[in-house]
Ligand code: GLU
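In our numbering, the protein residues as written are 0 to 313.
And the structure:
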C-alpha cells in the first residue's frame with residue numbers, strides 16, 4: 000500500500016471513473032446474517048458495475064476484537080466464493096496513515112484535544128458542543144470540531160435523500176479515543192480514500208455515520224464515494240438478526256443456503272437460483288441475473304432455515 004492520499008484542499012477531490020467497492024468487517028465476531036448480506040450485496044453490486052471488490056479488516060478497536068474472528072471471517076468469505084480482487088488490508092497495521100490525517104486536522108485547527116468524560120456529556124445527551132471537563136485527563140480524546148448549523152445532505156443509492164444536522168444530532172465527534180484507539184470514522188474515511196474506493200455498500204445501521212464521514216472527507220480534501228446502504232436484516236420478531244437469539248451461525252461447510260437467504264433478502268427472486276448446486280454456479284447465475292433496483296429499503300426479514308416463507312417490507 001502506497002502513501003496516504005491526502006491532497007491539499009485546493010486539489011479537486013474527484014472519484015475515478017471505474018468502480019471499486021469493498022466489504023469492511025470488524026472482527027468482533029463471526030460473519031452473521033447482516034454482515035453476510037453486506038458482503039454478498041457489495042460483491043453483487045461491484046460485479047454488476049464490472050468493477051472490483053476489495054476486503055478490509057477493520058481491526059482498530061482492540062477491546063472489542065474477538066481472537067480469531069478476522070481469520071474466521073476471511074475463511075467464511077472464501078467458503079462463500081467471495082474472493083477479493085486485491086490483497087486483504089488490515090487496519091491494525093496502518094497507524095501511520097491515520098496519524099498523518101489526524102496531525103493535519105490538528106495543525107489546521109479542525110480537530111482538538113478533549114478532556115471531557117462520558118459523564119461530563121450526560122447533560123447534553125452525549126453531544127459535544129463545548130468542553131465541559133473541569134480537570135485535565137491523562138488520556139484525552141481528539142475530536143473533529145463541527146460548527147453550528149453543519150448540515151450534510153447526500154443521496155444514498157438505496158435509501159434515497161438523506162440529511163443530518165451533524166452539530167445538533169452528533170456534535171464534535173471523536174477521531175482518536177481516550178483509550179488511544181483510532182475511531183472508526185477516521186480510519187474508514189482515510190482507508191476508503193487511500194484504497195480508491197468509489198462505492199461504499201454496507202448495512203443501513205451505518206447510514207447515520209455517513210454525514211460524519213462526508214464531513215471528514217471535506218476536511219481532508221478527499222473525494223466522497225457513492226454510498227448505498229442495504230436493508231437491515233431482522234428476524235420474524237423484528238429484532239436485528241445479528242443481535243438476536245435466532246442469529247444463524249454461518250456454516251462454512253454448507254454455504255449455499257446462506258447465499259440463497261442473502262439473495263432473497265436482497266429482494267431477488269429465489270427461483271433465479273433454483274437448480275444451482277455449487278458455489279461457483281450459484282455466483283455465476285446470481286451475478287448474471289442480479290437486479291440492483293429490487294434491493295428493498297428498510298428492513299429485510301432473513302428467512303430462518305426452518306421458515307422460508309417471508310416477505311420484505313419497505
Ligand atoms: N467495520 C464496520 C462494521 O463491521 C463496517 C464499516 C463500513 O462498511 O464502513 O460494522
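We treat Cβ as the ideally placed atom computed from N, Cα and C, and that holds for glycine.
Since the model is a prediction, treat every value here as computed from it, not as a measurement.
Cut-off 7 Å between Cβ atoms - residues of its own chain near residue i, not counting five sequence neighbours on either side
i	result
residue 48	18
residue 64	26, 27 and 58
residue 45	18, 20, 51 and 52
residue 189	3, 96, 97 and 100
residue 305	The pLDDT assigned to residue 305 is 37, lower than 50, so where the model puts this residue is not dependable; a value taken from the coordinates is nonetheless given after this. Contacts found: none.
Through-space distance from residue j to residue i, alpha-carbon basis
i	j	result
residue 135	residue 114	6 Å
residue 232	residue 74	22 Å
residue 112	residue 121	19 Å
residue 297	residue 203	8 Å
residue 234	residue 280	28 Å
residue 79	residue 99	36 Å
residue 178	residue 85	32 Å
residue 216	residue 181	16 Å
residue 212	residue 159	17 Å
residue 287	residue 176	44 Å
residue 274	residue 102	55 Å
residue 238	residue 260	17 Å
residue 69	residue 31	13 Å
residue 91	residue 183	12 Å
Sequence-distant residues of the same chain with beta carbon closer than 6 Å to residue i, five excluded per side
i	result
residue 226	155, 199 and 209
residue 23	55 and 57
residue 87	54
residue 132	114, 115 and 119
Beta-carbon proximity of residue i to residue j, cut-off 8 Å
i	j	result
residue 21	residue 157	no
residue 142	residue 218	no
residue 253	residue 224	no
residue 221	residue 149	no
residue 36	residue 265	yes
residue 329	residue 161	As displayed, the chain neither begins before 0 nor continues past 313, which places residue 329 out of reach and without an answer.
residue 105	residue 42	no
Same chain, Cβ closer than 8 Å to residue i, neighbours up to 5 away in sequence not counted
i	result
residue 262	39, 269, 271, 272 and 285
Next on the checklist: For a minimum of 3 consecutive residues, which ranges assigned as the beta strand (DSSP E) are wholly contained in the segment 164-205?
Outcome noted: 172-175 and 198-202
Checklist entry - Are at least three pairs of beta-carbons, each pair with one atom in the segment 288-296 and one in the segment 70-87, less than 8 Å apart? => result no
Checklist entry - Taking one C-beta from the segment 117-132 and one from the segment 166-186 each time, how about it: are there three or more such pairs within less than 8 Å? => result The segment 117-132 makes contact with the segment 166-186: 3 or more CB pairs, one atom from each, lie closer than 8 Å.
Item to check | Any beta strand (DSSP E) of 3 or more consecutive residues that is wholly inside the segment 79-131 | outcome: 110-113
Checklist entry - Which runs of the alpha helix (DSSP H), 4 residues or longer, sit entirely within the segment 250-304? => result 254-264 and 278-288
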